[in-house]
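**Q** Dropping a structure here in structure tokens format, bear with me for questions.
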């Protein structure tokens, strides 16, 4: 009956193909699964803020410029520290008044591939507008836009740099604007790209690039644990929002913008897993200190409540499966401080 239901030839083909799912030496053939994680050839840039080398260099300078903060004591790099994978080691981002912000500092790694909604709760529509809040917020850089423009426009070097970055405007003719500050910063940030990791060498066909435990961990990641449901693609994120059962009832994520949605109430943005083993603490609030505890959270299914994602459930992982998952995640680390501050991985390309 089973053969008749499936269709004899189709069933036979399925069995034959299943028999080919194991490559030489008893290794499963993961080529199709690995292909989903191949690194892209180019960095996407939007049509209304195209890449220009002078603009990227201006953005780099502005990223480390203390004059963009009212008291001159903070820069973008105060929280997004290059040597710490463009985040920091704090559970939540530090405020300028000595307190802490609501969320952990998100990494800037690979933001060029983030969907056009940014922030843990999706409060930012575009990368070009992300900088506006930290630049102007009283608890952060506390800089009124008019004063920010005045300071930079009073510096001849900045006037010249803005004219070069935005040649459609002549030097001294209003070249410095708040919008162009944001565009230059976004251009630089799109060049913050995680470098090749052992996992990438494995994807490209080097079977020795990662160990046996990591390979088993990849199988758990894409299979039993179903991590790939959210951590998909080369950047290991779907760019969406999910309640994974970690936030307390008082912590509202994407749901603050959709108060009528049960599913989004505690939903926070899926972060990239690139360099994840180097970026503790974890979660939007920095409440989990190490990867073992993260895996334990997923294994028990987090907080069971109506908003919890349907992909989150008790996994019943074995101790070896947990260890293998960590071994796999560690293969996503690039060379870190041994590499350049930011990497252009290929020709720039407009966003499709």
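Residue numbers (mature numbering (1 follows the signal peptide of the UniProt record, and there is no 0)): -23 to -1, 1 to 329. Note that beta-carbon positions come from the ideal geometry of N, C-alpha and C, so glycine has one too.
For residue 37 versus residue 213, is the C-beta distance shorter than 7 Å?
**A** Working through the chain shown from its first residue, we reach residue 37 at position 60. Working through the chain shown from its first residue, we reach residue 213 at position 236. Judged by beta-carbon spacing, residue 213 lies beyond the 7 Å limit of residue 37, meaning their Cβ atoms are not closer than that value.
**Q** Going by other Cβ atoms of all chains shown within 10 Å of its Cβ, with 16 needed for buried, is residue 1 buried or exposed?
**A** As a first step, residue 1 is located in the chain shown; it is residue number 24 there, counting from the start. The pLDDT assigned to residue 1 is 44, lower than 50, so where the model puts this residue is not dependable; a value taken from the coordinates is nonetheless given after this. It counts as exposed.
**Q** Using the Cα positions of residue 123 and residue 47, report the straight-line distance between them to the nearest angstrom.
**A** For the purposes of this step, residue 123 is taken as residue 146 along the chain shown, with counting starting at 1. For the purposes of this step, residue 47 is taken as residue 70 along the chain shown, with counting starting at 1. Using only the alpha carbons, I get a separation of about 11 Å.
**Q** Out of 305, 140, 77, 222, point me to the one whose CA is closest to residue 196's CA.
**A** Taking the first residue of the chain shown as position 1, residue 196 is located at position 219. Of the residues 305, 140, 77, 222, the one whose Cα lies closest to the Cα of residue 196 is 305.
**Q** Can you give the beta carbon distance from residue 274 to residue 254, rounded, assuming they're within the 8 Å contact cut?
**A** Here residue 274 corresponds to residue number 297 of the chain shown, with the count starting at 1. Here residue 254 corresponds to residue number 277 of the chain shown, with the count starting at 1. Not a contact, Cβ separation roughly 16 Å.
**Q** Please report how far the alpha carbon of residue 15 lies from the alpha carbon of residue 80, in whole angstroms.
**A** On the chain shown, position 38 is the one that residue 15 refers to. On the chain shown, position 103 is the one that residue 80 refers to. Roughly 31 Å between the two C-alpha positions.
**Q** When you compare only the Cα positions, how much space is there between residue 168 and residue 137?
**A** Indexing the chain shown from 1 puts residue 168 at position 191. Indexing the chain shown from 1 puts residue 137 at position 160. Straight-line Cα distance between these residues: approximately 22 Å.
**Q** Where do the ends of the alpha helix (DSSP H) carrying residue 276 lie?
**A** Sequence index remark: in the chain shown, residue 276 carries index 299 (1-based). Its alpha helix (DSSP H) spans residues 268 to 277.
**Q** Please identify the residue among 100, 211, 288 whose C-alpha is closest to the C-alpha of residue 240.
**A** Within the chain shown, numbered from 1, the residue matching residue 240 stands at position 263. Nearest of 100, 211, 288 to residue 240, Cα basis: 288.
**Q** Out of 237, 157, 11, which has the shortest C-alpha to C-alpha gap to residue 104?
**A** One-based indexing of the chain shown puts residue 104 at position 127. Comparing Cα-Cα distances from residue 104 to each of 237, 157, 11, the minimum goes to 157.
**Q** Indicate whether residue 223 and residue 279 have their beta-carbon atoms separated by less than 7 Å.
**A** Counted from its first residue, the chain shown places residue 223 at position 246. Counted from its first residue, the chain shown places residue 279 at position 302. A contact, by the Cβ cut-off of 7 Å.
**Q** Distance, Cα to Cα, residue 74 vs residue 116?
**A** Translated into positions along the chain shown, residue 74 becomes position 97. Translated into positions along the chain shown, residue 116 becomes position 139. Computed Cα separation, rounded: 6 Å.
**Q** Would residue 140 pass as a contact of residue 161 if the rule is Cβ separation under 7 Å?
**A** Start at 1 with the first residue of the chain shown, and residue 140 comes out as number 163. Start at 1 with the first residue of the chain shown, and residue 161 comes out as number 184. Taking 7 Å as the Cβ cut-off, residue 140 and residue 161 do not qualify as a contacting pair.
**Q** Does DSSP put residue 41 in a helix, in a strand, or in coil?
**A** Numbered from 1 along the chain shown, position 64 holds the residue referred to as residue 41. In the structure shown, residue 41 sits in coil (DSSP, three-state: anything other than H, G, I, E or B).
**Q** At which residue ranges does the segment 176 to 232 contain complete alpha helix (DSSP H) runs of 4 or more residues, listed in the order of the chain?
**A** Note on the segment 176 to 232: whole alpha helix (DSSP H) runs with a minimum of 4 residues are 189 to 199, in chain order.
**Q** So what does DSSP say about residue 100, is it helix, strand or coil?
**A** Residue 100 sits at position 123 when you count from the first residue of the chain shown. Coil, per DSSP.
**Q** With distances taken from CA atoms, which of 294, 290, 311, 284 is nearest residue 250?
**A** Position 273 of the chain shown, counting from 1, holds the residue named residue 250. The candidate whose alpha carbon is nearest that of residue 250 is 311.
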